[in-house]
Ligand code: 13P
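Numbering (our numbering), first residue to last: -15 to 244.
Here it is as structure tokens:
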């Protein structure tokens, strides 16, 4: 069975190393050595080394929020997968909607980053999701399909099994609007169906597909209990240790009860 992955995407927060380290330490202490649910923190690049030190001895993974597809060279401002591994990263978020929509990142670019992340032995978290306009125009499946097929092009079944996906409806990100469990499960089932068609049933059954978009301690349990939702990619609520720990606890409860 798939182990839930609860990841905190801190985005461009907090604004000091001291606050970042305190947040990581609070989460580390609250989680202890529990491994029934996988947990990862994705702080801004500049804090990665310090957070890696803070997390020493803890099962919490460390992720970056982006990376470049080249390994090294004259690419001002970019950071490679090898560099992320060197500072202790285990995960990397790719194709977040704030990069796709805010910064014009394309699925073809996400694909190049994904290939490089796999090469660097990072666990990629590839994000997909529709805007409000696209949902209203009943384009959700078409948009998600384009993002999946473009971003995951050329992967072997084994590489796909090791790649995490995150379904994040853009209209639910940072808005307090969460997809209902029915809305989220429907898209997750669509994604799982596409994975089965493309990579085979056995591979599809192994891929962790997170939900993201205004996940909070009070809605986490009902979302995480859905059969095709295998974790959460959490923004705002990951910036407060007690809230993030509340989401992890919901994941632990769902796991203890056994997923359908
Ligand atoms: P919020 O949890 O703040 O809605 O952000 C979700 C997100 O974008 C995680 O990557």
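Every residue gets a Cβ at the ideal spot worked out from N, C-alpha and C, and that includes glycine.
In this text the structure is predicted, and so the values were computed from the model without any measurement.
With contacts defined as CB atoms closer than 8 Å, residue 211 and residue 143 fail to qualify as a contacting pair. If you draw a 10 Å sphere on the C-beta of residue 60, you find fewer than 16 other C-beta atoms in it, and that means exposed. Per DSSP, the continuous beta strand (DSSP E) segment holding residue 77 begins and ends at 75 to 78. With a threshold of 7 Å, the Cβ atom of residue 221 counts as near ligand 1, since some heavy atom of the ligand is closer than that.
Ranked by Cα distance from residue 145, the options 153, 239, 109, 93 are led by 109.
No residue range can be given for residue 49, since it is assigned to no alpha helix (DSSP H) and is classified by DSSP as neither H nor E.
Distance from residue 107 to residue 75 at the Cβ level is roughly 5 Å; contact confirmed, criterion being Cβ atoms closer than 8 Å. Residue -7 is bridged by DSSP to 26. Classified as buried, residue 46 has 16 or more neighbouring CB atoms from the shown chains inside 10 Å of its CB. Taking all protein chains shown into account, residue 22 has 16 or more neighbouring C-beta atoms within 10 Å of its C-beta and is therefore buried.
Your pair residue 227 and residue 192 does not check out as a contact, with CB atoms roughly 22 Å apart and the cut at 8 Å. If you draw a straight line from the Cα of residue -2 to the Cα of residue 86, it comes to about 20 Å.
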